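J.:
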Amino acid sequence: LTLIPVLCSLFLRGLIQEKESWLVRITKRIYSPLLALGLRHKLVVLLPVIGLLTGSVVVFNRLGAEFIPELDEGDGILQLVKAQSCGLQAAIGIQVRSETILMSAFPEIRHVFSRMGSAEIATDPMDPGDSDTYIMLKPSEEWRRKDGRRITKQELMELMQLELARNAPGQAILINQPIEMRFDEIMAGARAELSLKIFGDEHSELDRLAEAAREILRGIPGAADVEFDKIGGTPQMQITPDPMAMARHGLHPEEVNRAVEAALAGAHAGYLPEGNRQYPITVRLAEESRSNPDVIRRLPVSTDSGGC
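The sequence shown: position 245 = 238 (our numbering), numbered continuously.
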C-alpha cells in the first residue's frame, strides 16, 4: 500500500496510460450482447440455471465419498494371518510355501520379501506366525491381459489371494499396500481401514458373535476382505494334581508343581564356569519325551491336553 506507489512514481517514466488487452476486448464484445439479452429475458435465463442447480444437488448427494482417497503405491502387500495355535516352525513352513507359490504362478512379481513376528521393541505387535508379505511388482505394461485389456492391480492382488487360498490353506489373506497398512495401524490399531472389536470373557461366545458380525459386514455394498484378525484360540495343557496319588507317594503340591515345571518349561540347575564367564544350566525333558503322554502319566497327576 505504501512502497509500490512510491517506487512506481520514481522508476516509471514516459507515456503511461491504462488500456485493455486484446483478449479482454474480444471477451467484452461477446459478453455484452449476451448480458443485455439475459437482462431482457430474465426467466429464460433463470429457469435453466435453477434446474441445473437442483439437478447438481441431487447428483452430489448420490456421490460416494472418502475421507482419504486411496493412492496407488505401485507395489502391494499380503497380510498372512495364521491361526492362534500355529507354532513358529509351522508358520515359517506355510510362509515359505506361500512365497514359492506367488513367485511361480505370477510372472508380474519382481521379488517378494516378508516380515514375520514382532521385534524386541514391540511397536508393531504381531503374533510370531503372522507376516507382512511385501510384493514388488514389475511395470504394469508387463502384466497379463484379461478380456482384451491390461489387468488392474486390484484384480492381480485378488488372483494372488485366490491362489494362496487354494494351495496354501490355514491362513487368512488380506490385501493392502505398504504405506496404507502402516497408516491404518497408526490410526485404528488394526491392519485395516475399519475394524470391529468385540470384548467379552467367553471365547466360544466371542467366536459366535464374530462369525455373525462378519456375515453382516460382508453383506454391506463396498465391503472387501472382511476377515478375522485372529483365528481360533491357543491350545493349553491343563494339569490337575491327584490328591490320592500324592498322598500315597508322600508328595507336597509344591513338589509336584516343581516337577511339572522342570519337565515342561525347564528348571534352573546352576551355572557352568568357563574362565571368567558363567553359563546358566537349565534341565528339562527332551522334546520327544515332553510330547510322549506316557512320560506325563508317570507323574501323580491327571492331564487334559485340551487339543494340544
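The beta carbon of each residue, even a glycine, is placed where N, CA and C say it ideally should be.
Since the structure is predicted, the reported quantities are computational estimates derived from the model, not experimental observations.
If you measure between the beta carbons of Ile70 and Asn169, is that distance less than 8 angstroms?
T.: Taking the sequence shown and counting its residues from 1, the one referred to as residue 70 is at position 77. Taking the sequence shown and counting its residues from 1, the one referred to as residue 169 is at position 176. Yes, these two residues count as a Cβ contact at 8 angstroms.
J.: How is the beta strand (DSSP E) around Met109 delimited, first residue to last?
T.: On the sequence shown, position 116 is the one that residue 109 refers to. First-last of the beta strand (DSSP E) with Met109: Ile102 to Met109.
J.: Helix or strand or just coil, what does DSSP make of Leu(-4)?
T.: On the sequence shown, residue -4 is found 3 positions in, with the first residue counted as 1. Three-state DSSP puts Leu(-4) in a helix.
J.: What separation, rounded to the nearest whole angstrom, lies between the Cα atoms of Glu204 and Leu189?
T.: For the purposes of this step, residue 204 is identified with residue 211 of the sequence shown, where counting begins at 1. For the purposes of this step, residue 189 is identified with residue 196 of the sequence shown, where counting begins at 1. Their Cα atoms are separated by approximately 12 angstroms.
J.: Spatial neighbours of Pro121 within its chain, please: CB distance less than 7 angstroms, with the 5 preceding and 5 following residues excluded, ordered by chain position.
T.: For the purposes of this step, residue 121 is taken as residue 128 along the sequence shown, with counting starting at 1. Closer than 7 angstroms at Cβ, skipping near neighbours: Leu81, Ala84 and Gly110.
J.: Along the chain, where does the beta strand (DSSP E) that runs through Glu169 open and close?
T.: The sequence position of residue 169 within the sequence shown is 176, counting from 1. The question names Glu, but residue 169 in the sequence shown is Asn. Start and end: Gln164 to Asn169.
J.: By how many angstroms is the C-alpha of Ile213 removed from the C-alpha of Leu39?
T.: On the sequence shown, position 46 is the one that residue 39 refers to. On the sequence shown, position 220 is the one that residue 213 refers to. Inter-residue distance for Leu39 and Ile213 is about 42 angstroms (C-alpha atoms, whole angstroms).
J.: With distance defined between alpha-carbon atoms, name the residue in Val51, Gln231 and Leu210 nearest to Phe221.
T.: By one-based count along the sequence shown, residue 221 stands at place 228. For Phe221, the nearest C-alpha among the options comes from Leu210.
J.: From what residue to what residue does the alpha helix (DSSP H) around Gly48 run?
T.: Position 55 of the sequence shown, counted from the first residue, corresponds to residue 48. Lys35 to Arg55 is the extent of the alpha helix (DSSP H) around Gly48.
J.: For Leu16 and Leu30, what's the separation of their Cα atoms in angstroms?
T.: As a working note, residue 16 is residue 23 in the sequence shown. As a working note, residue 30 is residue 37 in the sequence shown. So the alpha carbons of these two residues sit roughly 22 angstroms apart.
J.: Quick one: any contact between the segment 32 to 49 and the segment 86 to 100, if contact means 3 or more CB pairs under 8 angstroms?
T.: no
J.: If you reduce the DSSP assignment to three classes, tell me which class Ile232 lands in.
T.: As a first step, residue 232 must be located in the sequence shown, where it is residue number 239. In this structure, Ile232 counts as strand in the three-state DSSP scheme.
J.: Go to Val89, then tell me how far its beta strand (DSSP E) extends in each direction, as first and last residue.
T.: Translated into the one-based positions of the sequence shown, residue 89 becomes position 96. Counting along the chain, Val89 falls outside any beta strand (DSSP E), though it belongs to the alpha helix (DSSP H) covering Leu81 to Ala98.
J.: Might you give, ordered along the chain, the residues of its own chain that have their beta carbon closer than 7 angstroms to the beta carbon of Ser218, omitting 5 neighbours on each side?
T.: On the sequence shown, position 225 is the one that residue 218 refers to. A small correction: the amino acid at residue 218 is Asp; Ser does not occupy that position in the sequence shown. Result list for Asp218: Leu167 and Ile168, in chain order.
J.: Can you pull the DSSP bridge partners for Glu267?
T.: By 1-based counting over the sequence shown, the position of residue 267 is 274. For Glu267, the beta-bridge partners assigned by DSSP are Arg270.
J.: Could you tell me whether the Cβ atoms of Ile172 and Glu66 are closer together than 8 angstroms?
T.: Mapped onto the sequence shown, residue 172 falls at position 179. Mapped onto the sequence shown, residue 66 falls at position 73. For Ile172 and Glu66, yes; Cβs fall inside 8 angstroms.
J.: With burial defined as no fewer than 16 other Cβ atoms inside 10 Å of the residue's Cβ, what is the status of Ile(-3): buried or exposed?
T.: Within the sequence shown, the letter at position 4 stands for residue -3. That one is exposed.
J.: Tell me which same chain residues have a C-beta within less than 7 angstroms of the C-beta of Glu135, skipping the five on either side of it?
T.: Against the sequence shown, residue 135 aligns to sequence position 142. Contacts found: Glu101.
J.: Compute the Euclidean distance between the alpha carbons of Glu195 and Ala161, then round it to the nearest angstrom.
T.: For the purposes of this step, residue 195 is identified with residue 202 of the sequence shown, where counting begins at 1. For the purposes of this step, residue 161 is identified with residue 168 of the sequence shown, where counting begins at 1. If I take the Cα positions, the gap works out to 30 angstroms.
J.: Out of Val42, Asn250 and His242, point me to the one whose CA is closest to Gln231's CA.
T.: To locate residue 231, count along the sequence shown from 1; it is residue 238. Ranking Val42, Asn250 and His242 by Cα distance to Gln231 puts Asn250 first.
J.: In whole angstroms, give me the CA-to-CA distance for Leu202 and Gly193.
T.: Taking the first residue of the sequence shown as position 1, residue 202 is located at position 209. Taking the first residue of the sequence shown as position 1, residue 193 is located at position 200. Rounded to the nearest angstrom, the two C-alpha atoms are 10 angstroms apart.
J.: On the DSSP bridge assignment, give the partners of Thr126 in chain order.
T.: The count along the sequence shown starts at 1 and reaches residue 126 at position 133. Paired residue(s): Leu71 and Ser107.
J.: So which of Leu3, Leu28, Lys12 and Glu156 has the shortest CA-CA distance to Ser97?
T.: Numbered from 1 along the sequence shown, position 104 holds the residue referred to as residue 97. The shortest Cα separation from Ser97 among Leu3, Leu28, Lys12 and Glu156 belongs to Glu156.
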